[in-house]
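Worksheet for the structure shown next.
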Amino acid sequence: MNRREFITLLGGAAAWPRAARAQQPLPVVGFLNPAAIAAKAATTTIPVVFYTGGDPVEAGLVASLNRPSGNVTGISFFGNVLGPKRFELLRKLVPQATTIAMLVNPSPDAEPERGDVEAAARAIGQQLIVLEASSDRDIEAVFATFAQRGVGALFVGTGAFMINHRELLVALAARYALPACYALRESVDAGGLMSYAPSFADALRQVGAYTGRILNGEKPADLPVLRPTKFEFVINLKAAKALGLEVPAQLLAITDEVIE
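In our numbering, each residue's number is its place in the sequence shown (first place is 1) plus 946.
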């Protein structure tokens, strides 16, 4: 395949007519919303570089992490396996919360994290309620339910839906005075309380590096799936103050960034 006709597909699939590709003097890079499975199903020849929060082996994207095989490779956050750690950090920040809620978007990618957090809560006898949301209206209704049920803290599940709705989630958490832990620091940048996750920016740099290597002649099958090398625990002290929370010294000591 002519490398000048290469289309990189990040988490998604696109099909450009061959004639249209041939007219392009430079490599064409397509960047789409999460659709890595569709990309893999759409082509066995065009290189696909994905980023995902789940396990790409379980999802059927690659044969193994070290030897992906085929035309697909990329970066996996494995963000869903960090659920118990985020849950632990939230409990340390809000130890008085007798009931913690978990908000999830009903999708296959969210199931592993949901199960891990539920197991972590059972192991320590923490009361946990899990509610689902698939739209703006769902999110608003869920927060009203949190208030009715006396929820003391909120664990926001991972996934594209939660990231895309981060501003709404942060605004509602502030309105209901509900301490919340998010999957990515972008939610904290938007005014949220805290997050613990791999660095999204660092992962995208890795995606870009793999794209360049493939354009320079390397094959996806020879490039192992990368995993995060940088994790960030971020706390927003302004949000904590608005909630009347005092951040324990032991949490501040392990925080990678404090937003004043």
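The beta carbon of each residue, even a glycine, is placed where N, CA and C say it ideally should be.
From residue i to residue j, what distance separates their C-alpha atoms?
i: T1201; j: F1033; result: 15 Å
i: C1127; j: P973; result: 40 Å
i: A1199; j: N1110; result: 30 Å
i: E1113; j: P1030; result: 24 Å
i: G1016; j: F1023; result: 21 Å
i: L1028; j: T989; result: 32 Å
i: E1154; j: Q1094; result: Glu is not the amino acid found at residue 1154; the sequence shown has Gly there. Using only the alpha carbons, I get a separation of about 46 Å.
i: P1052; j: K1038; result: 27 Å
i: T1091; j: P1002; result: 34 Å
i: E1149; j: E1178; result: Sequence check: residue 1149 is Ala here, not Glu. C-alpha separation (whole angstroms): 12 Å.
i: V1171; j: P993; result: 14 Å
i: D1084; j: A1119; result: 14 Å
i: R967; j: D1135; result: Below a pLDDT of 50, predicted positions are generally treated as unreliable, and R967, at 44, falls in that range; no measurement from the model is reported.
i: K1184; j: A985; result: 42 Å
i: T1175; j: A1067; result: 27 Å
i: L1139; j: L1036; result: 10 Å
Is it true that the CB of residue j sits closer than 9 Å to the CB of residue i?
i: V1018; j: L1011; result: no
i: P1125; j: A1147; result: no
i: E1004; j: V1050; result: no
i: I1021; j: R1173; result: yes
i: T1045; j: G1096; result: yes
i: I1181; j: I1160; result: no
i: M1108; j: S1145; result: no
i: P1014; j: P1166; result: yes
i: G1000; j: P1041; result: no
i: G1163; j: A1129; result: no
i: D1055; j: G1105; result: yes
i: G1190; j: A1123; result: yes
i: L1074; j: E1064; result: yes
i: L996; j: A987; result: The identity of residue 996 in the sequence shown is Phe, whereas the question assumes Leu. No. Outside cutoff.
i: R1121; j: F1101; result: no
Which two residues bound the contiguous alpha helix (DSSP H) that contains residue i?
i: S1133; result: 1131 to 1135
i: E1113; result: 1112 to 1121
i: A1056; result: Where A1056 is concerned, there is no enclosing alpha helix (DSSP H), given that its DSSP letter is neither H nor E.
List the DSSP bridge partners of residue i.
i: F1089; result: Answer by DSSP bridge pairing: none, since F1089 is not bridged.
i: I992; result: I992 is not bridged to any residue.
i: L1172; result: I1021
i: F1107; result: In DSSP, F1107 forms no bridge with anything.
i: E1178; result: A1143
i: E1203; result: V1180
i: V1050; result: E1078
From what residue to what residue does the beta strand (DSSP E) around residue i run?
i: Q1072; result: Q1072 -> no beta strand (DSSP E), and no H or E assigned at all.
i: A1143; result: 1140 to 1144
i: L1100; result: 1099 to 1102
i: A1188; result: Here A1188 belongs to no beta strand (DSSP E); instead the alpha helix (DSSP H) covers 1183 to 1188.
i: A1126; result: 1126 to 1128
With hydrogens ignored, establish whether the beta-carbon of residue i is closer than 8 Å to any heavy atom of the ligand HEM.
i: G1020; result: Ligands displayed in this structure: none; no statement on the ligand HEM is therefore possible.
Inside the segment 997 to 1048 only - beta strand (DSSP E) runs reaching at least 3 residues:
1018 to 1022
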